[in-house]
Amino acid sequence: MLSFLPAPLLVIINLLLISINCIVIATPIMILGIFKCLLPLKSVKRFIEHLNFLLYRIWVAANYVIINATNKINWKITGDPIPNIENKSCVVMSNHLSWFDILVINSVYKGKIATTKFFMKHSLIYIPFVGLACYALGMPFLRRYTREQLLKNPKLREKDIKSTKGACKRVIKYPTALINFVEGTRYTPEKARLAKSSYQHLMPPKTGSIGLTFGEIGNDIECVFNTTIQYPNNCAPKKPFIEMLKGKITDIYVNVEILPKGYFPQGDFLKDKTYKHSISMQVRDLWKQKDENIESMLKND
Numbered sequence: 033m034l035s036f037l038p039a040p041l042l043v044i045i046n047l048l049l050i051s052i053n054c055i056v057i058a059t060p061i062m063i064l065g066i067f068k069c070l071l072p073l074k075s076v077k078r079f080i081e082h083l084n085f086l087l088y089r090i091w092v093a094a095n096y097v098i099i100n101a102t103n104k105i106n107w108k109i110t111g112d113p114i115p116n117i118e119n120k121s122c123v124v125m126s127n128h129l130s131w132f133d134i135l136v137i138n139s140v141y142k143g144k145i146a147t148t149k150f151f152m153k154h155s156l157i158y159i160p161f162v163g164l165a166c167y168a169l170g171m172p173f174l175r176r177y178t179r180e181q182l183l184k185n186p187k188l189r190e191k192d193i194k195s196t197k198g199a200c201k202r203v204i205k206y207p208t209a210l211i212n213f214v215e216g217t218r219y220t221p222e223k224a225r226l227a228k229s230s231y232q233h234l235m236p237p238k239t240g241s242i243g244l245t246f247g248e249i250g251n252d253i254e255c256v257f258n259t260t261i262q263y264p265n266n267c268a269p270k271k272p273f274i275e276m277l278k279g280k281i282t283d284i285y286v287n288v289e290i291l292p293k294g295y296f297p298q299g300d301f302l303k304d305k306t307y308k309h310s311i312s313m314q315v316r317d318l319w320k321q322k323d324e325n326i327e328s329m330l331k332n333d
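Sequential numbering of the sequence shown, starting at 33, is according to this note's numbering.
Encoded structure:
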C-alpha cells in the first residue's frame, strides 16, 4: 500500500508507527505489571495476565498490519499445516537471522497457537518500553555467558537454568508457546566463520536451554514447531530489519515442520549424560536438515 514511497520516507513512517505501537501497548502492560506485583489475590493476578496477553496480541496484529502496509511482501509458507492449538502449550524452535524474526514468527502463527514467549538476551531488558514490558509479560531472560566466564565462575550457569526452569513451569501451568532461537545469536557469514560452523546457512545450535526445556516439559507440550526462516532477497550482508524499515522486504519464506508430542522425551539434561547426548544429536540432525532446506529455498527462488 505504501511500498511505492521512497525508502528514506518509509524509514521515518515505519519507525514512527512501530514506536507508537510499542509505547501505546507497552505502557499499560508495565502499569498492569506493577499492580500484579502489588496485589496479593491470585484471581486478580490471573486477570491482569489475561489483559496483558490481550494487549500483546494487539501489538502483534498491529505490527503485521504495519509491515505489510509498508512492504510488498510475498509470504511463502511451506511444510506442515499449522493446527489451531491456542489452548495448549507448545515449543517453536527456529533459526535466527534478525530482530525481524520475532515479528515473522508472531505473524505466521498468530491465531493458531497460544501466546508466544521468547527466550531473550538479558541485555534487551534495558530497551526502553520493550524490555520492561517483556519482563511484565513473563518473558524468560537469559544472560548467555561465554565458556570463559562459566569456567571462571560456574555458579553463573545457575541463573540461566533458574530462568529456563521458571519459564517451563509457566508452560505447564498456562497455555504458552515457548519460542527458542536455538543458535543463541543472529546468523551472519562472519559469525559463522568465527564459530567454525559446519553449516552453510546456520550457526551451530546451542542445546543448553532447549535441552533443559525438553528435559523439563518434553512430555507436557502438544508438539514442537521446527521453523525455518529465510529472506532470499534481503539476507546478509543486508540486514532484514533495516530492509523492512526501508520497505524493501519482498519475500519471506517460512517452512514449518511439526514434531509430535514425545519427539523430545523428558529427562535430566543436566545430570544424565546419555539423555543430554541424545537430545543434542536430535537437534544437530534437525539443524543439518534445516541447512539443506535453506539451500533448497534459495535455489528454488
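Where a beta carbon is used, it is the ideal one built from N, C-alpha and C, also for glycine.
Q: Report all residues from its chain with a CB closer than 8 angstroms to the CB of Leu234; omit the five preceding and five following residues, and keep chain order.
A: Residue numbering aside, residue 234 sits at position 202 when the sequence shown is read from its first letter. These residues qualify, in order along the chain: Asn127, Glu215, Tyr219, Ala224, Trp319, Lys322, Asp323 and Ile326.
Q: Could you check which residue in Val315, Lys270, Lys331 and Val162 has the C-alpha nearest to that of Ser241?
A: Counting from one through the sequence shown, the residue named residue 241 turns up at place 209. Ranking the options by Cα distance to Ser241, first place goes to Val315.
Q: Give the secondary structure of Ser126 by DSSP, where H, G and I count as helix, E and B as strand, and everything else as coil.
A: Counted from its first residue, the sequence shown places residue 126 at position 94. Strand at Ser126.
Q.
By the three-class DSSP mapping on this structure, what secondary structure does Gln321 have?
A. Along the sequence shown, one-based indexing puts residue 321 at 289. Per DSSP, reduced to three states, the secondary structure at Gln321 is helical.
Q: Identify whether Phe85 lies in helix, strand or coil by the three-state DSSP scheme.
A: As a working note, residue 85 is residue 53 in the sequence shown. Note: Phe85 maps to helix in three-state DSSP.
Q: Compute the Euclidean distance between the alpha carbons of Asn103 and Cys54, then round it to the nearest angstrom.
A: Indexing the sequence shown from 1 puts residue 103 at position 71. Indexing the sequence shown from 1 puts residue 54 at position 22. C-alpha separation (whole angstroms): 19 angstroms.
**Q.** Host beta strand (DSSP E) of Gly150 (start-end)
**A.** To locate residue 150, count along the sequence shown from 1; it is residue 118. Rather than Gly, the amino acid found at residue 150 in this sequence is Phe. First-last of the beta strand (DSSP E) with Phe150: Thr148 to Phe150.
Q) Once you ignore the five residues that flank Met329 on each side, which residues in its own chain have a CB closer than 8 angstroms to its CB? A) Here the question's residue 329 lines up with position 297 in the sequence shown. Annotation for Met329: Thr260, Gln262, Pro264, Tyr285 and Asn287 place their beta carbon closer than 8 angstroms to its own, counting only its chain and skipping 5 residues before and after.
**Q.** Assigned exposure category for Lys205 - 16 Cβ within 10 Å defines buried
**A.** Numbered from its first residue, the sequence shown carries residue 205 at position 173. Lys205 should be labelled exposed.
Q. How many angstroms separate the CA atom of Leu135 from the CA atom of Asn212?
A. The residue labelled residue 135 in the question sits at position 103 within the sequence shown. The residue labelled residue 212 in the question sits at position 180 within the sequence shown. If you draw a straight line from the Cα of Leu135 to the Cα of Asn212, it comes to about 14 angstroms.
Q) So Ile145 is in the beta strand (DSSP E); what residue range does that whole segment cover? A) To locate residue 145, count along the sequence shown from 1; it is residue 113. Neither: Ile145 is in no beta strand (DSSP E) and is coded neither H nor E.
Q | Touching by the beta-carbon criterion (3+ pairs, under 8 angstroms), the segment 272 to 279 and the segment 33 to 47 | A | Yes, the segment 272 to 279 is in contact with the segment 33 to 47.
Q. What is the DSSP secondary structure of Met91, reduced to helix, strand or coil?
A. Residue mapping note: residue 91 aligns to position 59 of the sequence shown, counting from 1. The residue asked about is misnamed: residue 91 is Trp in this sequence, not Met. In the structure shown, Trp91 falls within a helical segment according to DSSP collapsed to helix, strand and coil.
Q) What number of angstroms, rounded off, separates the C-alpha of Asn251 from the C-alpha of Cys200? A) The residue given as residue 251 occupies position 219 in the sequence shown. The residue given as residue 200 occupies position 168 in the sequence shown. Rounded to whole angstroms, the separation of the alpha carbons of Cys200 and Asn251 is 12 angstroms.
Q: Specify the secondary structure class of Thr17 as computed by DSSP and reduced to three states.
A: Only positions 33 to 333 of the chain appear in the structure, and residue 17 is not among them; the question remains open.
Q. How about Leu156 and Thr196: do their beta carbons lie closer than 9 angstroms?
A. Taking the first residue of the sequence shown as position 1, residue 156 is located at position 124. Taking the first residue of the sequence shown as position 1, residue 196 is located at position 164. Leu156 is not a Cβ neighbour of Thr196, given a cutoff of 9 angstroms.
Q: Would you check if the distance between the CB atom of Ile57 and the CB atom of Ala165 is smaller than 9 angstroms?
A: On the sequence shown, residue 57 is found 25 positions in, with the first residue counted as 1. On the sequence shown, residue 165 is found 133 positions in, with the first residue counted as 1. For Ile57 and Ala165, yes; Cβs fall inside 9 angstroms.
(Q) Using 8 angstroms as the cut-off, can you tell me whether the segment 112 to 127 makes contact with the segment 297 to 309, which would need three or more C-beta pairs spanning the two stretches below that distance? (A) Contact fails: fewer than three Cβ-Cβ distances are below 8 angstroms.
Q: Name the two residues that bound the continuous alpha helix (DSSP H) containing Lys187.
A: Translated into positions along the sequence shown, residue 187 becomes position 155. Looking at the DSSP string, Lys187 is not in any alpha helix (DSSP H), and its letter there is neither H nor E.
Q) Is the Cβ of Phe246 closer than 9 angstroms to any Cβ of chain C? A) The chain inventory of the structure shown lacks chain C, comprising one protein chain alone.
Q.
Less than 9 angstroms between the beta carbons of Val256 and Tyr295, yes or no?
A. Taking the sequence shown and counting its residues from 1, the one referred to as residue 256 is at position 224. Taking the sequence shown and counting its residues from 1, the one referred to as residue 295 is at position 263. In this structure, Tyr295 lies closer than 9 angstroms to Val256 by Cβ.
Q) Do the CB positions of Phe246 and Ser130 come within less than 9 angstroms of each other? A) In the sequence shown, the residue the question calls residue 246 occupies position 214. In the sequence shown, the residue the question calls residue 130 occupies position 98. Phe246 is not a Cβ neighbour of Ser130, given a cutoff of 9 angstroms.
(Q) On the CB-based measure, 16 or more other CB atoms within 10 Å of its CB, does Thr148 come out buried or exposed? (A) Mapped onto the sequence shown, residue 148 falls at position 116. Residue burial is scored here from C-beta neighbours: Thr148 has at least 16 other C-beta atoms within 10 angstroms and is therefore classed as buried.
Q. Which full runs of the alpha helix (DSSP H) of 4+ residues lie inside the segment 249 to 280, going along the chain?
A. Entirely contained in the segment 249 to 280, the alpha helix (DSSP H) runs reaching 4 residues are, in chain order, 272 to 277.
Q. What is the rounded straight-line gap between the Cα of Tyr158 and the Cα of Asn95?
A. The sequence position of residue 158 within the sequence shown is 126, counting from 1. The sequence position of residue 95 within the sequence shown is 63, counting from 1. So the two alpha carbons sit approximately 21 angstroms from each other.
Q: Take the Cβ of Glu222 as the centre, count every other Cβ of all protein chains shown within 10 Å, and call the residue buried at 16 or more, exposed below.
A: Translated into the one-based positions of the sequence shown, residue 222 becomes position 190. Exposed, since its Cβ has fewer than 16 Cβ neighbours within 10 Å.
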